[in-house]
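Asks: Got a structure here, written out as structure tokens. Questions coming.
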Amino acid sequence: MNFRNYEDWLEKVSPLIRQDPLWEFVTYRKALFLADLAWFDSEKLLAEPRSKSLSWQLVRSAGSVAANIEEGFGRGYGKDYARFLRIALGSARETKGWYYRGRHVLETAVVEYRIRLIDEIIRNLVITSEQQRRR
């Protein structure tokens with residue numbers, strides 16, 4: 835892993851990504867961070883034969899959070915954007931579940947940090963999707 839924490843990760847994100855208007859949405863930044871964490875966590879999960887499929891599910895669901903925010907943002911504001919934020923919310927909840935199931939391989943502190951990050955993403959997606967739904 836070439837970053838130690840969120841702040842360190844922020845510094846390493848390409849300017850091509852940071853200049854996009856979507857970058858202003860903090861929850862999107864946290865979702866991209868989560869996807870990178872899942873990518874690196876999957877290495878450890880892949881090393882344990884019983885958690886190989888869990889690894890792929892984790893990477894897929896974590897990546898889906900940011901991907902759905904991106905797709906929804908590309909469609910403008912309002913109810914359509916809210917719908918994609920709700921899909922991202924479902925992926926975030928799924929990712930939380932995969933991290934919980936990975937607790938037998940990943941360190942307890944790692945799992946707890948990831949779940950706290952996901953809970954923050956979930957809270958913000960709920961708030962933002964409701965705001966967009968009312969537009």
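If you're matching positions, the sequence shown starts at 835 in our numbering and goes up one per residue.
Idealized CB from N, CA, C, for every residue including glycine.
This structure is a prediction, so every number in the text was calculated from the model and none was measured.
Whole angstroms are fine: how far does the CA of ILE851 sit from the CA of ARG927?
Replies: Sequence index remark: in the sequence shown, residue 927 carries index 93 (1-based). Sequence index remark: in the sequence shown, residue 851 carries index 17 (1-based). Each residue's alpha carbon lies about 25 Å from the other.
Asks: Shortest alpha-carbon distance to TRP843 belongs to which of LEU866, GLN853 and ASP854?
Replies: The count along the sequence shown starts at 1 and reaches residue 843 at position 9. The option with the nearest alpha carbon to TRP843 is LEU866.
Asks: Can you give me the start and stop residues for the alpha helix (DSSP H) that PRO849 sits inside?
Replies: Taking the first residue of the sequence shown as position 1, residue 849 is located at position 15. Its alpha helix (DSSP H) spans residues 849 to 852.
Asks: By the 10 Å Cβ neighbour count, where 16 or more other Cβ atoms means buried, how is GLN965 classified, buried or exposed?
Replies: Here residue 965 corresponds to residue number 131 of the sequence shown, with the count starting at 1. Under this definition GLN965 is an exposed residue.
Asks: In the DSSP assignment, the alpha helix (DSSP H) including TYR934 goes from what residue to what residue?
Replies: For the purposes of this step, residue 934 is identified with residue 100 of the sequence shown, where counting begins at 1. Note, TYR934: alpha helix (DSSP H), 913 to 935.
Asks: Please list the terminal residues of the continuous alpha helix (DSSP H) segment that includes GLU882.
Replies: The count along the sequence shown starts at 1 and reaches residue 882 at position 48. Looking at the DSSP string, GLU882 is not in any alpha helix (DSSP H), and its letter there is neither H nor E.
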